[in-house]
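In what follows, a structure is listed as C-alpha cells, so that the remarks can point back to it.
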Amino acid sequence: MSSDACAHTDYEDGEVPEGYPRTGADATGAEADVWEALVEVEDPEMPVSVVDLGLIYDVTVEDGHASVEMTLTYTGCPAKDMLTNDVRCAAMTAAGVEDADVTIQYSPPWSVEMVTERGREQLQEFGLSV
Amino acid sequence: MAQPVPGDLSPVEAQLLRLADDEYVLAERYTEWQIYAPTPEADLALANIAQDEFGHARLWFDLLQDEFGYEEADLLWERDPGNFLHSPLVELETPDGDWADTVVRSYLYDVAERLRLDALADSSFDPLADRVRKVQSEEGYHREHAQSWLDRLTGGGGDAHQRVQSAVDRLFPHALTLFAPTANEDEIVAAGVRTRSLADVRADWLDEVVQYLESLDVVVPDPSAVTRPDEVGRDGSHTGDWAALHEEFTATYRELGFDDPATLRSENA
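Sequence lines, in order, name chains A and B. Just so you know, we're using the numbering used here here: the first sequence kicks off at 57 and counts up by one. Just so you know, we're using the numbering used here here: the second sequence kicks off at 213 and counts up by one.
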C-alpha cells in the first residue's frame, strides 16, 4: 500500500448490517413526512444530513406522537444534546405530528460504511475522503 | 433518589458503576496533560482518548439514570468520594511530567478494558450488551497508542526505558485492583451480567501484559510477591490522591451555588 494517509487510521472500518442505512424510502404517511423533515437536520460539523450519515435507525408515528431512534457516530459526541434536540424539533415540524421523542441507541454500532451514496458525495465535496 | 452506596447495589448497578467510575476518573487524569504533553501530536491523541473515556462513562452513567432512576448529581457531583468504585490505578496522581507513567497506566488499563468488554458482550442485561460493540470499536486505538509509545520509550534504552520500568514497578500493584471484586461479585457472574469471573479475566490479562512487557525488556513483578495496597477501590476505599482529584472535579459544580442563584447586577435593585 502506498498512501500518504495516516497509517494509524483505518478508513475501511466496520460493516453494514442488513437493512442499514435506513432512509425512510419505504415509509408512508406521517412517517414519510418525518423522514423528509429529518433530512433538513445536518451534522454540526459537516454539511451532511443526519439521514445521509445513516444515523437515523427508526421512525414511528402513533396518534400524533413521533418516536425517533437514532445513533451517534461516536460515543463521546459532545453535540449529543444539541443533535437530539434538533432531531426532535425537526420531527415536530412534520404534518400531523404534535409531539416527538428521540432515543439514542448504539446497536448496531454506526460506522462510516453506513453513510448513503448521497452522503458520500456530499462528504467528498466537503473535502473528506470516504 | 439517594446516591449509590457500595454495599447496597444490585449486580447490574455494581457492574455499571465499576465501568463508569474507571472511565470517568481515568479521563480526568488524562485531561491534566492538556497543553503539557511531550508533542502536539501526543497532546491531541491523549485529548481524544480522554474524550472517548468520558463518552464511555456517559454511556454507563446514562444507563444508571435510565434503568435505576439515579440523577446525574447522585452519580457524580454530589456522590460521596467514598462511594466511588473505580480502581485506585486510575486515580493516582501522575508524577510530575512523567509521560512514561501515563503510557504504562494506559497500557495496563486498556488491556484489562478489552478483556472486560469481551466478557460483557453477551451480558444478560441487554442494554449493557447493546452498547459494548460500539465501545470495543473505539477502544482499539487506545491500546495501539499505548503500545506504540511503549515501543518507542523502551527501544533506545537509557532513561526512557528506566522510567517505564519504574512506572511498571509503581503501578502494577494498583493495577491488580482492577480485578478486585465488589461486594456482589458472585451474583454478577451468577446472573450472567458478566459471563466470566474476574479471576479468569485477570489470568488472561496477566498472560498478555507479562509477555508483552518482557518482550520490551521490562520486568513485571510477581503478583504473589508484591505488597498489596490496602485501598482496592471496589469497596469504596481509595488512596490519598483521590480526595484532591474529587475536590477538583466537583469544584465548579459547588461554585455554581444552585441554592443561591446568580442575579444580574440590576435585578432586585
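The beta-carbon is built from N, C-alpha and C at its ideal position, and this holds for glycine as well. As the structure is a prediction and not an experimental result, all values here were calculated from the model.
Once the 5 residues before and after residue i are set aside, which same chain residues still bring their CB inside 6 Å of it?
| i | result |
| --- | --- |
| residue 177(A) | none |
| residue 249(B) | 255 and 258 |
| residue 337(B) | 224 and 405 |
| residue 298(B) | 233, 234, 237 and 445 |
| residue 395(B) | 219 |
| residue 239(B) | 262, 265 and 266 |
| residue 57(A) | Reliability of the predicted coordinates at residue 57(A) is poor, the pLDDT of 41 falling under 50, and the value obtained from them is presented with this limitation in mind. So the list is empty, once near-sequence residues are dropped. |
| residue 324(B) | 390 and 417 |
I'd like the list of long-range same chain contacts for residue i, defined as Cβ closer than 7 Å, with 5 residues on each side in sequence excluded.
| i | result |
| --- | --- |
| residue 149(A) | 93 |
| residue 432(B) | 380, 384, 421, 422, 425 and 426 |
| residue 465(B) | 289 |
| residue 343(B) | 271 |
| residue 244(B) | 306 |
| residue 227(B) | 400, 405 and 406 |
What are the start and end residues of the beta strand (DSSP E) that includes residue i?
| i | result |
| --- | --- |
| residue 121(A) | 121-126 |
| residue 158(A) | 155-160 |
| residue 169(A) | Premise fails: residue 169(A) is in no beta strand (DSSP E) and is neither H nor E. |
| residue 140(A) | Residue 140(A) -> not in any beta strand (DSSP E); alpha helix (DSSP H) instead, spanning 136-148. |
| residue 113(A) | 112-118 |
Return the Cβ separation of residue i and residue j in integer angstroms, given the expectation that the two are a contact with Cβ distance under 8 Å.
| i | j | result |
| --- | --- | --- |
| residue 89(A) | residue 174(A) | Rounded, the Cβ-Cβ distance is 19 Å, inconsistent with contact. |
| residue 156(A) | residue 86(A) | Going by Cβ atoms, the distance from residue 156(A) to residue 86(A) rounds to 11 Å, so no, they are not a contact pair. |
| residue 315(B) | residue 358(B) | 6 Å |
| residue 143(A) | residue 120(A) | Not really, about 17 Å apart at Cβ, beyond 8 Å. |
Quick one: residues in its chain with C-beta nearer than 8 Å to the C-beta of residue i, no 5 flanking neighbours on either side, listed in chain order?
| i | result |
| --- | --- |
| residue 131(A) | 162 |
| residue 59(A) | In this predicted model, residue 59(A) has a pLDDT of only 48, less than 50, meaning its place in the structure is not dependable enough to derive any value. |
| residue 67(A) | Here the model assigns residue 67(A) a pLDDT of 49, short of 50, so the residue's position is not dependable, and the following value carries that caveat. Once the five neighbours on either side are set aside, the close Cβ partners of residue 67(A) are 61, 168, 185 and 186. |
| residue 546(B) | There is simply no residue 546(B) to check, as chain B begins at 213 and stops at 481 in what is shown. |
Could you give the first and the last residue of the continuous alpha helix (DSSP H) run that contains residue i?
| i | result |
| --- | --- |
| residue 319(B) | 311-330 |
| residue 261(B) | 252-280 |
| residue 465(B) | 452-468 |
| residue 242(B) | 223-243 |
| residue 415(B) | 410-427 |
| residue 90(A) | 85-94 |
Residues in the stretch 333-346 of chain B with C-beta within 7 Å of chain A's C-beta atoms, listed in sequence order? For the stretch 333-346 of chain B, which is checked against every Cβ of chain A, the residues closer than 7 Å are 342, 343, 345 and 346.
Which whole runs of the beta strand (DSSP E) in the stretch 368-398 of chain B are 3 residues long or more, in chain order? Taking 3 residues as the shortest admissible run, the stretch 368-398 of chain B contains no complete beta strand (DSSP E) segment at all.
Against chain A: residues of the stretch 344-368 of chain B by CB proximity under 7 Å: Going along the stretch 344-368 of chain B in chain order, one finds 345, 346, 347, 349, 350 and 356 with a Cβ nearer than 7 Å to chain A.
Residues in the stretch 215-231 of chain B with C-beta within 8 Å of chain A's C-beta atoms, listed in sequence order? Residues: none.
Under 9 Å (Cβ pairs) to chain B, residues found in the stretch 132-163 of chain A: Hits within the stretch, in order: 132, 133, 134, 136, 160, 161, 162 and 163.
By the 7 Å beta-carbon criterion, what residues does the stretch 248-266 of chain B contribute toward chain A? For the stretch 248-266 of chain B, residues whose beta-carbon sits nearer than 7 Å to a beta-carbon of chain A comprise 263, 264 and 266.
When Cβ atoms are compared, which residues of the stretch 286-302 of chain B fall closer than 7 Å to chain A? Hits within the stretch: zero.
Scan the stretch 162-179 of chain A for residues whose Cβ lies nearer than 8 Å to a Cβ of chain B and list them as they occur along the chain. In summary, the residues of the stretch 162-179 of chain A whose CB is separated from some CB of chain B by less than 8 Å are 162, 163, 164, 165, 166 and 167, in the order they occur in the chain.
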